[in-house]
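Here's the structure, in structure tokens; my notes come after.
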Amino acid sequence: MNTIGYVPPDQAIAQLSHHGLVPVVSLDDAANADDLAQALVDGGLPVAEITFRTAAAARSIEVLARRGDVLVGAGTVLTIWQVDRAVAAGAAFVVSPGLSRAVVERCQAHHIAVLPGVATATEVQAAMELGLGAAKFFPAAAAGGSETVKALAAPFPGFRLLPTGGIAERSLAEYLSLPTVLAVGGSWMVPAQLIARGDFAAIRELTRAAVLRARQTSRPWRDALVDVTIAQNRAS
Ligand code: 3PG
24 MNTIGYVPPD QAIAQLSHHG LVPVVSLDDA ANADDLAQAL VDGGLPVAEI TFRTAAAARS
84 IEVLARRGDV LVGAGTVLTI WQVDRAVAAG AAFVVSPGLS RAVVERCQAH HIAVLPGVAT
144 ATEVQAAMEL GLGAAKFFPA AAAGGSETVK ALAAPFPGFR LLPTGGIAER SLAEYLSLPT
204 VLAVGGSWMV PAQLIARGDF AAIRELTRAA VLRARQTSRP WRDALVDVTI AQNRAS
């Protein structure tokens, strides 16, 4: 149970859509979590997906959740045990590289937003059958980029995608200008080398540049509600 800073799924998804950007962070040492969070906040992007690719993930999520000024999620969540750890640490959303029914249903049981990875029409349909209205599009660049997002929008116009994987700032606008794109994820704002060097000023500037680029893209739908109610109903 998340006792730190529970965020209902529709609110978490709405905040991701509002910001339009999700920095994907891998922290080797939770001692860097607070400085990283401050750099994101100062850069104008109080959002972070902390990946479960390092042993410091759960502790780092907890540091961010306890601050109360960052929407923190867990990434690379592969198992229900990681879902439980992420929720206990205070994660407001869960992201997976692929579509695991077990992971999705565990998140629904916790009443927490979940964005499993999809890359094909079959996977979008499977996500919809689990009651979801949005998913991560991964690996975005390798799976056809913005052209694939557009192609999937034809049969699934209401289904929102979080393209992630191989995206850099220069291609941000081509994704964000598409109405089915909820937000764009990536690690380009938070490179591991800068974290390792402790260069949080550089991370702040990369974040600022990404935020500026996102704001320059017209997204009149960014505060439209995303329907995640089916998922919540299923779980109750
Ligand atoms: C992810 O886990 O979503 C991706 O590894 C992040 O992709 P990027 O490092 O190519 O931005």
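Offset between the sequence shown (1-based) and the numbering used here: plus 23. For each residue, glycine too, the CB sits at the ideal point set by N, CA and C.
For the beta strand (DSSP E) assignment, the uninterrupted runs of no fewer than 3 residues enclosed by the segment 51-130 are, from N- to C-terminal side, 70-74, 94-98 and 116-118. Those residues whose C-beta sits under 5 Å from the nearest heavy atom of the ligand 3PG are, from N- to C-terminal order along the chain, V47, T187, G188, G189, G209 and S210. Look at the beta carbons and you see the segment 180-191 touching the segment 154-168: at least three pairs across the two are nearer than 8 Å. Unbroken alpha helix (DSSP H) runs of no fewer than 4 residues, entirely contained in the segment 169-205, are found at 195-199, following chain order. For T102, the closest C-alpha among the options R82, A177, V95 and T74 is that of T74. Beta-carbon to beta-carbon, V204 and L184 are separated by about 6 Å, close enough to satisfy the 8 Å threshold. Only residues of its own chain outside the window of five on either side were considered, and among them S49 have a CB closer than 7 Å to the CB of A215, listed in chain order. The residue among P178, G168 and V117 with its C-alpha nearest the C-alpha of V147 is P178.
In the pairwise beta carbon analysis, the segment 136-152 is classified as touching the segment 111-123: at least three pairs are separated by under 8 Å.
Beta-bridge partners assigned by DSSP to F223: none are found. Excluding residues up to 5 positions away in sequence, H42, L44, P46, M212, T230, A233 and V234 lie with their Cβ nearer than 8 Å to the Cβ of L68 in the same chain. Selection Y29, A71 and P202 evaluated against V95 yields A71 as nearest (Cα-Cα). Contact check for L195 against R245 fails: the beta carbons are separated by 7 Å or more.
The three-state secondary structure of A157, taken from DSSP, is strand.
Here G91 has G28 as same chain residues with Cβ atoms under 7 Å from its own Cβ, once five neighbours each way along the sequence are excluded.
In the three-state reduction of the DSSP assignment, P32 falls in the helix class, which pools H, G and I. Counting along the chain, A150 sits inside the alpha helix (DSSP H) bounded by residues A144 to E152. For the 7 Å CB-CB criterion, R227 and A62 form a contact.
Here A114 is not near V86, since their CB atoms are 7 Å or more apart.
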